[in-house]
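Chemist: Okay, here's the structure, questions in a sec.
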Amino acid sequence: MSDATTISDELADRAESQDLLTLGVEEEYLLVHATEPHAVEAVEDVFDQVPDAIRESVQHEFQRSQIEVASPPQLALPALHEAMRGLRGGVAEAAERAGVRLIAIGSAPAPGEPARTTDKPRYDRMRERFGNLSPGQGMNGMHVHVSVPDPETGVQVLNFLRPWLPVLQAATANSPLSDGQDTGYASWRSMMWERWPTVGPTPYLHSHQQYLELVEALEATGAMLDEGMLYWYARLSASYPTVEIRMGDVCPTLDDAMLLAALTRGLVSSFVRKVGDGLRAPDVPQPLLAAAHWRAAHDGLEGDNIDPVTQRVRPAWALMDELYELAKPELDRHGDLDTVDELVARLREHGTGAARQRAVFAARGSVDDVVNWLAATTRGRTSP
C-alpha cells in the first residue's frame, strides 16, 4: 500500500489522547464492458485516467479486470465516508473516461474469458507457484483495518473476533451470480476464494510469538510466498499497527461498506477492552467456524447460521442483532451509534447485496440488468 494509507504520528497521537481506534477500508472492484455485462482487462487504461489527487490511494489487483482503492485511516466515520466517496467516484469516472464501467461486486456475474494476471513480478511468482487458482474474471473483497495498541493485544483480539466473522461475512454477501446464473450461494466469491491454501478462519493463537512462528512455518512449506499471502479471515497487518478483517465481499453501496466498517471497529474496540481486563476468548473449534463461514457464504443474512456458543443453527439476523448489541457501547463511544442504527435498519429492509442482485435478476432474468444496477449503485446513483 502507498503512503496515503499510513497512520501519521499526528493521527496516532489524536487517537491515543481520545482513546479511540483508527479505521481504514480497502475495496476491490470489477471492470466491465461499457454496454455489455462481461469483465474486461482494462486496468492500465483506467489507471491512465485516475486523477493525481487520488492516485496514491489506487492500486492494481491480481487480475487485469480488477482495481483496488485504500482509504487514508480516519477517526471519524463521516470522514471515512467522504474519503471513500471520493475514491469510488474518482475511479468510476476514470473507468468511464477509459470506455468501461466500475462495479462493486464480489465476482463476475456474466460469462466471459478468464482474465489474465496483472503484470507484476509478485503476481507472476504467485501464478508460477500456485497455478490457475483464480480462473475467473476477478474476485473482489473488502478489507477493514482497525488500529490496536500492540501486536500482542492484536493477537488476542483476533481470538475474540473468530466467532463473529461469519456474521460479518454474511452481511457482506454480494456475489450470487456466475455465468449468468444464480449459483445458489449468496457469496460465490467466498467459495472460489477457498482454493488458495491459506484461506480460512484464523486459528486460535496463544501469543504474538506463535503468530510469527506460524507465518514463518507457512512460508517454509511453500503454501505462501510472503506474509502478504496470509489469507486468514482476520490477521495482523503486515504493514500497519492494525488488525485486518478480510473475509467479506466488496459491498454494493458505500453505506453498506460504512456499516461493516463501523461494526468491525465496534467489535475490535470491545475486544481490546476485554484483553485489557485480562479476559480470554473462547476457543471455538476450527471445524465449527469453517461450517459457519460456509453457511454465511451460502445463506447470507437472509437464511441461517451457526451460533458458536450453542453450536446450533439460528437465524442469521438473530446473530447479527447480538453482534450489534455487543458492539453498541463502543459504537456510541466512537460517535457512530446513530449512523449505525440507521444503516442496520436499512440493511434489514433491503437485504444484502446478494438479495438485491437477486431481486433485480428475478424481474427479467437479465444479468445485464444486474450489472447496470450495480454500475449505478457503486456510484450512489440508485436507491439501495
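FYI, the numbering for the sequence shown is 773 to 1156, going by the working numbering.
Heads up, the beta-carbon is just placed ideally off N, CA and C, and yes, glycines get one too.
(1) Starting from T1149, trace the alpha helix (DSSP H) in both directions and tell me its first and last residue.
(2) Quick one: residues in its chain with C-beta nearer than 7 Å to the C-beta of V804, no 5 flanking neighbours on either side, listed in chain order?
(3) So, helix, strand or coil for S774, using DSSP?
(4) Please list, in chain order, all residues of the same chain as F834 whose beta carbon is under 7 Å from its beta carbon, the five residues on each side excluded.
(5) Excluding the five sequence neighbours on either side, which residues of its own chain have a C-beta within less than 8 Å of the C-beta of S774, listed in chain order?
(6) Using only CA atoms, which one of E798, E840, G1050 and L795 lies nearest to E816?
(7) Could you check where the beta strand (DSSP E) with V838 kicks off and where it finishes?
(8) Tell me the start and end of each unbroken alpha helix (DSSP H) in the stretch 879–930 that is at least 4 residues and wholly inside, in chain order.
(9) Taking 8 Å as the cut-off, does the CB of L940 come closer than this to any heavy atom belonging to the ligand NAD?
(10) Which residues in the same chain have their Cβ closer than 6 Å to the Cβ of F1043, if we skip the five residues on either side of it in sequence?
(11) Alpha carbons only, please: which of R1018, L802, S959 and H853 is nearest the one belonging to T1124?
(12) Let me know the secondary structure DSSP gives D820 once reduced to three states.
(13) With a 10 Å radius around its C-beta and 16 neighbouring C-beta atoms as the bar for buried, classify L1051 as buried or exposed.
(14) Would you mind giving the Cβ-Cβ distance between A1069 and M963, rounded to the nearest angstrom? I have them listed as a contact below 8 Å.
(15) Once DSSP output is grouped into helix, strand and coil, what is the label at P1087?
(16) Whole-angstrom Cβ separation of D1021 and R961, contact assumed at under 8 Å?
(17) Just verifying my parser: in three-state terms, what is the DSSP assignment at S947?
(18) Quick check on the DSSP output: the alpha helix (DSSP H) that includes D1028 runs from which residue to which?
(19) Please classify N1157 as buried or exposed, where buried requires at least 16 other C-beta atoms within 10 Å of its C-beta.
(20) Alpha carbon to alpha carbon, what distance is there between E885 and G926?
(21) Quickly, what does DSSP pair E991 with across the bridge? List them, please.
Modeler: On the basis of the supplied data:
(1) Counted from its first residue, the sequence shown places residue 1149 at position 377. Start and end: V1139 to T1150.
(2) Within the sequence shown, the letter at position 32 stands for residue 804. Excluding sequence neighbours, V804 sits near H810, A811, V812, V872, R873, I875 and V1143.
(3) Residue mapping note: residue 774 aligns to position 2 of the sequence shown, counting from 1. Note that S774 has pLDDT 42, beneath the 50 cutoff, so the model's placement of it is unreliable and the number below is only indicative. Secondary structure at S774: coil, using DSSP grouped into helix, strand and coil.
(4) As a position in the sequence shown, residue 834 is number 62, starting the count at 1. The residues are T889, T890, Y895 and S906.
(5) Numbered from 1 along the sequence shown, position 2 holds the residue referred to as residue 774. Its pLDDT being 42, under 50, S774 is placed unreliably in this model, and the coordinates cannot settle the point.
(6) Stepping through the sequence shown from its first residue, residue 816 is reached at position 44. For E816, the closest of E798, E840, G1050 and L795 by C-alpha to C-alpha distance is E840.
(7) Residue numbering aside, residue 838 sits at position 66 when the sequence shown is read from its first letter. It should be noted that the sequence gives Gln, not Val, for residue 838. It spans Q838 to A842 - the beta strand (DSSP E) in which Q838 sits, taken as one unbroken run.
(8) Scanning the stretch 879–930 for uninterrupted alpha helix (DSSP H) segments of 4 residues or longer gives 893–902, listed from N- to C-terminal end.
(9) As far as ligands go, the structure on display features none, and thus does not contain the ligand NAD.
(10) Position 271 of the sequence shown, counting from 1, holds the residue named residue 1043. Around F1043: V929 and F932.
(11) As a working note, residue 1124 is residue 352 in the sequence shown. For the residues R1018, L802, S959 and H853, the minimum Cα distance to T1124 belongs to S959.
(12) Here residue 820 refers to the residue found at position 48 when the sequence shown is read from its first residue. In the structure shown, D820 adopts helical secondary structure according to DSSP, grouped into three states.
(13) Along the sequence shown, read from residue 1 onward, the residue named residue 1051 stands at position 279. Around the CB of L1051, fewer than 16 other CB atoms lie within 10 Å, so the residue is classed as exposed.
(14) For the purposes of this step, residue 1069 is taken as the residue at position 297 of the sequence shown. For the purposes of this step, residue 963 is taken as the residue at position 191 of the sequence shown. Contact check for A1069 and M963: beta-carbon distance about 6 Å, within the 8 Å limit, so the pair qualifies.
(15) Mapped onto the sequence shown, residue 1087 falls at position 315. DSSP places P1087 in strand when its eight states are reduced to three.
(16) As a position in the sequence shown, residue 1021 is number 249, starting the count at 1. As a position in the sequence shown, residue 961 is number 189, starting the count at 1. Cβ atoms of D1021 and R961 come within 8 Å of each other, at about 5 Å.
(17) Taking the first residue of the sequence shown as 1, we reach residue 947 at position 175. In the three-state reduction of the DSSP assignment, S947 falls in the strand class.
(18) Here residue 1028 refers to the residue found at position 256 of the sequence shown. From DSSP, the alpha helix (DSSP H) with D1028 extends over L1026 to G1048.
(19) Residue 1157 lies beyond the range of the chain shown here (773 to 1156); nothing can be said about it.
(20) Taking the first residue of the sequence shown as position 1, residue 926 is located at position 154. Taking the first residue of the sequence shown as position 1, residue 885 is located at position 113. When rounded, the distance between both Cα atoms is 41 Å.
(21) Translated into positions along the sequence shown, residue 991 becomes position 219. Its beta-bridge partners do not exist; DSSP assigns none.
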